[in-house]
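One structure is given here, and the rest of the page talks about it.
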Amino acid sequence: MIQAVIFNLESTVLDPGGLRLSQGMNDLFRWMGVDVGPQDIKRGRGLTIREHIASTLRLSDVRSSWINRFGTAPGRDDVERIYSELVPVLRSLLQSSTPCSGLDKALQDIRDRRIQSGATSAFTNDLLDGAARRALQNTELDCTVTPCEVNSGRPFPWMVFENAHRMQVYPLSDMVKVGDTVADMQEGRNAGVWTIGVLDGFMNRMDGIGHGDEGAENQRKEAAYLLKRAGAHLIMDSLADLPRMLREIEMLQHTGGRP
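Residues in the sequence shown are numbered from 1149 upward in steps of one, following the working numbering.
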């Protein structure tokens, strides 16, 4: 029996597909005169913000662009400088954030079945102050854990473990992690919980491609492949599919299936 569902906070709950985060980072790098492509930024989604920045700077093309602009390779101080510039940008972008499509109905189904709901985040506590907290008020999640409250963020399992501890959920095989990034799938697998990948975020990030054409279907298949390769037990198109996915997992449990 499923006891709790743990969501990705920043892009499965608040900011569909992480569009605002990606745009904020893209604008900041462009303002600094560093050439960073949208796909470069998307690779690090799901990691803590500082690690997301650091992983982007480690990419060969981005590193070369940085050296051409500043004359030296990017280091830890540069990560901190970018982070300090990014925090107010993200706060501004999050002011108009609304819960993702299908979340309300998914949470209502969870509550009706007496399943608890939690979240893990890439955001630090300072980013979640103010606007993001107000946006979260309507979601009524039972628990939210940030990287500041544990040793490390995704893909490490500590935030999932802290959710389990606070909500008193045991065994962990009765928990489900839901997210739309590779880091989410790795976090869920590392924690030993059922892991569901959401394609909605990937589809929202496609540029100039209609949902009904061949290009959209190919990208959907690629996104599903990436999430499955990262450890997703199940894949769903959107949060609207969550009730059906949870029942599928419970059927697996009844036949002896374990994550």
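All residues carry an ideal CB built from backbone N, CA and C; glycine is no exception. Just so we're clear, the structure is a prediction, and the values are computed from it rather than from any experiment.
How would you label residue i, buried or exposed, when you count the other beta carbons within 10 angstroms and need 16 or more for buried?
i	result
I1215	exposed
P1399	It should be pointed out that residue 1399 corresponds to Met in this sequence rather than to Pro. It is exposed - the Cβ of M1399 has fewer than 16 other Cβ atoms within 10 Å.
R1302	buried
N1273	exposed
D1332	buried
P1247	buried
K1253	exposed
P1407	buried
G1358	Confidence at G1358 is low in this model, with a pLDDT of 47, below 50, so the placement of that residue should be treated as unreliable; the coordinate-derived value is given next. Flag for G1358 reads exposed.
E1288	exposed
E1199	buried
D1175	exposed
Among the options, which has the Cα closest to the Cα of residue i?
i	options	result
L1238	R1302, D1163, L1320	D1163
V1341	E1362, T1292, Q1401, W1179	Q1401
F1218	R1337, E1362, D1183, I1258	D1183
I1397	N1311, V1324, R1377, A1388	V1324
D1348	Q1151, M1149, V1161	V1161
Q1187	W1179, T1196, L1169	L1169
F1177	D1226, G1379, G1345	D1226
L1242	D1252, G1166, C1291, T1268	G1166
K1376	G1336, M1315, S1208	G1336
S1159	S1386, S1213, E1310	S1386
V1317	D1290, G1172, Q1334, L1157	D1290
S1321	I1383, S1203, T1343, K1190	T1343
L1251	R1314, L1374, L1157, I1383	L1157
G1327	R1193, P1319, W1179	R1193
F1304	V1330, M1315, R1191, R1314	V1330
N1338	G1185, A1380, E1362, E1370	A1380
S1249	P1319, V1346, M1315, A1372	V1346
For residue i, which residues from the same chain have a beta carbon less than 8 angstroms from its beta carbon, with the 5 sequence-adjacent residues on both sides left out?
i	result
R1211	L1205, A1221, P1222
I1263	I1150, Q1151, A1152, V1153, L1394
W1306	V1298, N1299, S1300
Mapping the DSSP letters down to three states, classify residue i as helix, strand or coil.
i	result
L1400	helix
C1291	strand
S1159	helix
Q1264	strand
T1246	coil
A1152	strand
V1308	helix
G1345	strand
L1143	Shown here, the chain extends from 1149 to 1407; a query on residue 1143 therefore has no answer.
R1392	helix
Who are the Cβ neighbours of residue i in its own chain at under 7 angstroms, not counting the five residues just before and after it?
i	result
S1208	none
E1310	V1293, E1297, V1298
N1201	It should be pointed out that residue 1201 corresponds to Ile in this sequence rather than to Asn. The answer, listed in chain order, is V1227, I1230, Y1231.
G1172	L1234, V1237, L1238, L1241
T1196	A1270, P1295, G1301
I1189	S1170, M1173, N1174, T1204
Got a sec? Which residues, its chain only, sit under 6 angstroms from residue i by beta carbon, not counting five neighbours each side?
i	result
D1355	Residue confidence is low: D1355 scores 47 on pLDDT, short of 50, so the model does not pin down where it sits. No coordinate-derived value is stated.
P1391	D1257
R1191	none
Open item on the list: Pairs of beta-carbons, one from the stretch 1366-1375 and one from the stretch 1227-1238, closer than 8 angstroms: are there three or more?
Closed with: no
Open item on the list: For the structure I just gave you, are there three or more beta carbon pairs, one from the stretch 1263-1270 and one from the stretch 1286-1301, closer than 8 angstroms?
Closed with: yes
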